[in-house]
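Engineer: Numbering (our numbering), first residue to last: -7 to 200. By construction, the Cβ of each residue, glycine as well, lies at the ideal position given by its N, Cα and C atoms. Bear in mind the structure is a predicted one, so any value in this text is a computation, not a measurement.
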């Protein structure tokens, strides 16, 4: 595991990169997928060490991917301040550009939880990820209407007892997509999946 600072649009971006040991130097390893995970809302305590982000990273590694988590601007050691989703999308782009320069042959998988799901989804047209995973996307909090349809394999995981994001709104939104995602619901899970993190990881892995 490597924690480091890279250059971003407004200064340093703090990230945590975990590279699979079996894929450190040989040629075949360069095709190992790279999963980048976006954390929840910075103003409400979201960081790259959030437990949902952590369990997603663990699941991606079990699926055979390198993983990268990072702090949006103003969080942890990342420079800047909260920018209502605009600057955060720029941060994600900077992280992806850095990662792809290091792993140029790795397919990009993109994921996000809550606020991070919104950032990941609206950044898809610029990033061209080959897979997308959204956990508790806040469809009733932000304008998702102008975001282009997803054309790659993607998945949405939602807690049925989510106290922050409306599970019904998420279900309705997914049902209206042109290219429907795999939609998985953990019926008794709240927004942070307390007591059901392993179930969340199982949903992630089942979708691949």
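(1) Return the chain-ordered ranges of every beta strand (DSSP E) run that is complete within the region 46 to 111 and spans a minimum of 3 residues.
(2) Can you list, in chain order, the residues of its chain with a C-beta nearer than 6 Å to that of residue 79? Leave out the 5 residues immediately preceding and following it.
(3) For the alpha helix (DSSP H) containing residue 39, list its first residue and its last residue.
(4) How many whole angstroms separate the CB atoms of residue 130 and residue 110, which I take to be in contact at a CB cut-off of 8 Å?
(5) Indicate the three-state DSSP secondary structure (helix, strand or coil) for residue 27 in the structure shown.
(6) Roughly how many whole angstroms lie between the Cα atoms of residue 195 and residue 188?
(7) At the level of alpha carbons, what is the spacing between residue 163 and residue 146?
(8) Does the distance from the C-beta atom of residue 48 to that of residue 178 stay below 9 Å?
(9) Where do the ends of the alpha helix (DSSP H) carrying residue 191 lie?
(10) Since residue 148 is in the alpha helix (DSSP H), which residue starts that stretch and which ends it?
(11) Measuring alpha carbon to alpha carbon, tell me which of 138, 107 and 91 ends up nearest residue 28.
(12) Assuming residue 136 contacts residue 44 (C-beta within less than 8 Å), just tell me the rounded distance between them.
Structural biologist: Here's the rundown:
(1) 58 to 62 and 100 to 105
(2) 65
(3) Counting along the chain, residue 39 falls outside any alpha helix (DSSP H), and DSSP gives it neither H nor E.
(4) With a Cβ gap of about 6 Å, residue 130 and residue 110 count as contacting.
(5) strand
(6) 11 Å
(7) 14 Å
(8) No, they are not a contact pair.
(9) Annotation: the continuous alpha helix (DSSP H) that includes residue 191 extends over 189 to 198.
(10) From DSSP, residue 148 is part of no alpha helix (DSSP H) but of the beta strand (DSSP E) over 146 to 151.
(11) 91
(12) At roughly 20 Å, the Cβ-Cβ gap does not stay under 8 Å, so residue 136 and residue 44 are not in contact.
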